[in-house]
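J.: In my numbering, the protein residues as written are 199 to 729. Virtual Cβ for every residue (Gly too), placed ideally from N, Cα, C. I am attaching a structure below and will ask some questions about it afterwards.
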């Protein structure tokens, strides 16, 4: 049926209806009445004439619409308009999906990549869809299949049980990743099962021993060999994560116990422990003293925490433990408001080590295993010990990327790294922090450490008002801006820096006093001669 929107045709149609009503009303209601042949023939001819006119008009309109349609399809803008409509429809579907709340595994933003992808792109093993089936990472696939075969043999389970269980939560797992995943349902489920079992075998092997799981002592992967450090570094990357609930599900199937929440997180912390940026040993008495002073336990219990998203999130929570206590946002209040966007021009928290020392601020190592817990009191900045190694850059960069991307995540690691970047401007700053026992590194030189921190924060979007160190930084800057503190520090540095300087100062003071006394008595004797 062709819908014709034409006023002329509509008028003809109404006339036809009116004419038909007239003809019908002229026919007698009685069945015995004989209709007038002349009137009937005239009415019939009139109706046929009107119908022919309508038909001709419809044919003209249809031909005209066909010509217009052909002209539109031949237009160079026709495909362009169609593509825009398709994109708008896709955008509508994306908004209607409402899956943004479940997103937790992101691609690292381009502004944090620095042109060097080794810190954020896996070099040995891929987990999840972002780097799946890349040619240089395929060598690890055969070891993944070996791990899956070991799991099935050890647990005496059918692979279909794992595939069917993961398929039930496929949509939930897909929504954890950013963008469209170009894998079919079967490919995605297979990848989750294969990668998940591989991760669990590594976790359990590091905690229980690979020999207990049935692997040979000289296994090229499933043994604590030199390559394990590179595997750990790849597995902590943001783009190389698996949803934690997938790992919980797969471990529950192995143990015939679906309630395994928290146990995978505990295994993950054991596996990633060598990547910790601190190795400050605390005695039992020191740990108890620290806990009593804080009012809560400093240890992190993953079994009590049900909110982990993936292994990187669990590792970050273990670093922060209870997390920094919130502080009043009173840094530069006149510029602050709740909806303000972070200003890249104001990311300077404090001055560097050299400048702070000139103002009389002292640096001391704080005895705690929480590297971010910095304190300042009476001109003394107490900073916990930090260990910098070849995996520190990758670790901090991925933690910063996660905090930059995930809305429900704080910026505590970012605040700490920005604070250290402000402190370290030169190799001399690194050397002094090392002298104080605050900074320990295994890199080639102090200049490499300074460059590491300066590059980490080069493009980071950071809000001073949203930092747990904002109040501390304000206290440090107030002390720094006090002139008397600067003068006193300069006097101490120039005249009390070593014993010889002290002796020289005392000698100069004595000589000045004797000179003054001699001058006084000379003048006094001149004006008041002895009688």
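Is residue 517 helix, strand or coil when you go by DSSP?
T.: What you label residue 517 is simply residue 319 of the chain shown in a count that begins at 1. Residue state, collapsed to three classes: helix.
J.: Assign residue 470 to one of three DSSP states: helix, strand, or coil.
T.: Counting from one through the chain shown, the residue named residue 470 turns up at place 272. Coil at residue 470, not helix or strand.
J.: What residue from 710, 677, 476, 594 has the CA that sits closest to residue 576's CA?
T.: Numbered from its first residue, the chain shown carries residue 576 at position 378. With distances taken between Cα atoms, residue 576 lies closest to 677.
J.: Report the residue from 628, 555, 565, 661 whose alpha carbon sits nearest the alpha carbon of residue 602.
T.: Locating residue 602 in the chain shown gives position 404, counting from the first residue. Comparing Cα positions, the closest option is 661.
J.: Looking only at its own chain, which residues have a Cβ that is under 6 angstroms from the Cβ of residue 623, when we skip the five neighbours before and after it?
T.: For the purposes of this step, residue 623 is taken as the residue at position 425 of the chain shown. Once the five neighbours on either side are set aside, the close Cβ partners of residue 623 are 550.
J.: Please go through the same chain and pick out, in chain order, the residues whose beta-carbon is closer than 8 angstroms to the beta-carbon of residue 635, but skip the five residues on each side of it.
T.: Position 437 of the chain shown, counted from the start, is the residue given in the question as residue 635. Hits under 8 angstroms: 563, 583.
J.: Could you have a look at residue 456 and say whether DSSP puts it in helix, strand or coil?
T.: Against the chain shown, residue 456 aligns to sequence position 258. Residue 456 falls in the coil class under three-state DSSP.
J.: Where residue 659 and residue 651 are concerned, what is the direct C-alpha to C-alpha distance, given to the nearest angstrom?
T.: Within the chain shown, numbered from 1, the residue matching residue 659 stands at position 461. Within the chain shown, numbered from 1, the residue matching residue 651 stands at position 453. Their backbone Cα atoms lie some 15 angstroms apart in a straight line.
J.: Can you give me the C-alpha to C-alpha distance between residue 389 and residue 556, rounded to a whole angstrom?
T.: For the purposes of this step, residue 389 is taken as the residue at position 191 of the chain shown. For the purposes of this step, residue 556 is taken as the residue at position 358 of the chain shown. Cα to Cα, the separation comes out at about 58 angstroms.
J.: For the beta strand (DSSP E) containing residue 647, list its first residue and its last residue.
T.: For the purposes of this step, residue 647 is taken as residue 449 along the chain shown, with counting starting at 1. Segment 644-654 is the alpha helix (DSSP H) holding residue 647; no beta strand (DSSP E) there.
J.: CB-CB under 6 angstroms to residue 458, same chain, minus the five flanking residues each way: which ones, in chain order?
T.: The residue you call residue 458 lines up with position 260 of the chain shown. Taken in chain order, the residues that qualify are 446, 449, 450.
J.: If you check the beta carbons only, do residue 581 and residue 561 fall under 8 angstroms apart?
T.: Along the chain shown, read from residue 1 onward, the residue named residue 581 stands at position 383. Along the chain shown, read from residue 1 onward, the residue named residue 561 stands at position 363. In contact: residue 581 and residue 561 (Cβ atoms closer than 8 angstroms).
J.: Specify whether the region 279-287 and the region 611-626 touch according to this definition: at least 3 beta carbon pairs, one from each stretch, less than 8 angstroms apart.
T.: No, the region 279-287 is not in contact with the region 611-626.
J.: Classify residue 713: buried if its beta carbon has 16 or more other beta carbons within 10 angstroms, exposed otherwise.
T.: Along the chain shown, one-based indexing puts residue 713 at 515. Classification of residue 713: exposed, given that the 10 Å Cβ count is below 16.
J.: Please name the residue or residues paired with residue 573 in a DSSP beta bridge.
T.: In the chain shown, residue 573 corresponds to position 375, counting from 1. In the DSSP output, where bridge partners are listed per residue, residue 573 has 580.
J.: In three-state terms, what does DSSP make of residue 280?
T.: Here residue 280 refers to the residue found at position 82 when the chain shown is read from its first residue. DSSP places residue 280 in helix when its eight states are reduced to three.
J.: Exposed or buried, what is residue 471 when buried is set at 16 or more other beta-carbons lying within 10 Å of its beta-carbon?
T.: Reading the chain shown from its first residue, position 273 is the one you call residue 471. Under this definition residue 471 is an exposed residue.
J.: Tell me where the beta strand (DSSP E) around residue 346 begins and ends.
T.: Residue 346 sits at position 148 when you count from the first residue of the chain shown. No beta strand (DSSP E) holds residue 346; the alpha helix (DSSP H) holding it covers 339-353.
J.: Just grab the DSSP bridge partners of residue 561 for me.
T.: Position 363 of the chain shown, counting from 1, holds the residue named residue 561. DSSP lists 579 as partners of residue 561.
J.: Given this structure, state the Cα-to-Cα distance separating residue 630 from residue 552, to the nearest angstrom.
T.: Your numbering for residue 630 matches position 432 in the chain shown. Your numbering for residue 552 matches position 354 in the chain shown. If you take the alpha carbons of residue 630 and residue 552, they lie about 9 angstroms apart.
J.: Express the C-alpha separation of residue 396 and residue 340 in angstroms, rounding to a whole number.
T.: Reading the chain shown from its first residue, position 142 is the one you call residue 340. Reading the chain shown from its first residue, position 198 is the one you call residue 396. So the alpha carbons of these two residues sit roughly 11 angstroms apart.
J.: Please report how far the alpha carbon of residue 362 lies from the alpha carbon of residue 350, in whole angstroms.
T.: Start at 1 with the first residue of the chain shown, and residue 362 comes out as number 164. Start at 1 with the first residue of the chain shown, and residue 350 comes out as number 152. Each residue's Cα considered, the two are about 15 angstroms apart.
J.: Would residue 399 and residue 348 qualify as a contact pair, given that the criterion is a beta-carbon distance under 8 angstroms?
T.: Counting from one through the chain shown, the residue named residue 399 turns up at place 201. Counting from one through the chain shown, the residue named residue 348 turns up at place 150. Yes, they are a contact pair.
J.: If we ignore side chains and look at the alpha-carbon of each, how far apart do residue 708 and residue 558 end up?
T.: Here residue 708 refers to the residue found at position 510 when the chain shown is read from its first residue. Here residue 558 refers to the residue found at position 360 when the chain shown is read from its first residue. Near 27 angstroms, if we compare the C-alpha coordinates of residue 558 and residue 708.
J.: Kindly list the residues whose CB is nearer than 8 angstroms to the CB of residue 318, restricted to its own chain and excluding five residues on each side of it in sequence; keep chain order.
T.: What you label residue 318 is simply residue 120 of the chain shown in a count that begins at 1. 306, 310, 311, 435, 436, 437, 592, 595, 596, 599.
J.: Quick check on the DSSP output: the alpha helix (DSSP H) that includes residue 632 runs from which residue to which?
T.: In the chain shown, the residue the question calls residue 632 occupies position 434. Residue 632 -> alpha helix (DSSP H) spans 625-633.
J.: Assuming contact is defined by CB atoms lying nearer than 8 angstroms, are residue 513 and residue 462 in contact in what I supplied?
T.: For this step, residue 513 is matched to residue 315 along the chain shown. For this step, residue 462 is matched to residue 264 along the chain shown. In this structure, residue 462 does not lie closer than 8 angstroms to residue 513 by Cβ.
J.: How is residue 659 classed by DSSP in three states: helix, strand or coil?
T.: Your numbering for residue 659 matches position 461 in the chain shown. Residue 659: coil per DSSP, three-state reduction.
J.: Roughly how far, in whole angstroms, is the beta-carbon of residue 585 from the beta-carbon of residue 638, given that I think they are within contact range, below 8 angstroms?
T.: Along the chain shown, one-based indexing puts residue 585 at 387. Along the chain shown, one-based indexing puts residue 638 at 440. The pair is a contact, with the Cβ atoms about 5 angstroms apart (cut-off 8 angstroms).
J.: For residue 303, which beta-bridge partners are listed by DSSP?
T.: Numbered from its first residue, the chain shown carries residue 303 at position 105. Looking at the DSSP assignment, residue 303 forms a beta bridge with 375.
J.: Answer yes or no: do residue 508 and residue 442 have a C-beta to C-beta separation smaller than 8 angstroms?
T.: Numbered from 1 along the chain shown, position 310 holds the residue referred to as residue 508. Numbered from 1 along the chain shown, position 244 holds the residue referred to as residue 442. Yes, they are a contact pair.
J.: If I measure Cβ to Cβ from residue 680 and keep anything under 7 angstroms in the same chain, skipping five residues before and after, which residues do I get?
T.: For the purposes of this step, residue 680 is taken as the residue at position 482 of the chain shown. Contacts found: none.
J.: Where do the ends of the alpha helix (DSSP H) carrying residue 192 lie?
T.: The displayed coordinates of the chain run from 199 to 729. Any statement about residue 192 would go beyond what the structure contains.
J.: Between residue 671 and the rest of its own chain, which residues show a CB-CB distance below 6 angstroms, the 5 nearest in sequence each way excluded?
T.: Along the chain shown, one-based indexing puts residue 671 at 473. If we look at residue 671 and ignore the five residues flanking it on each side, its Cβ neighbours are 547, 548.
J.: Provide the residue span of the beta strand (DSSP E) that contains residue 638, from first to last.
T.: Within the chain shown, numbered from 1, the residue matching residue 638 stands at position 440. Run containing residue 638: 637-639, per the beta strand (DSSP E) assignment.
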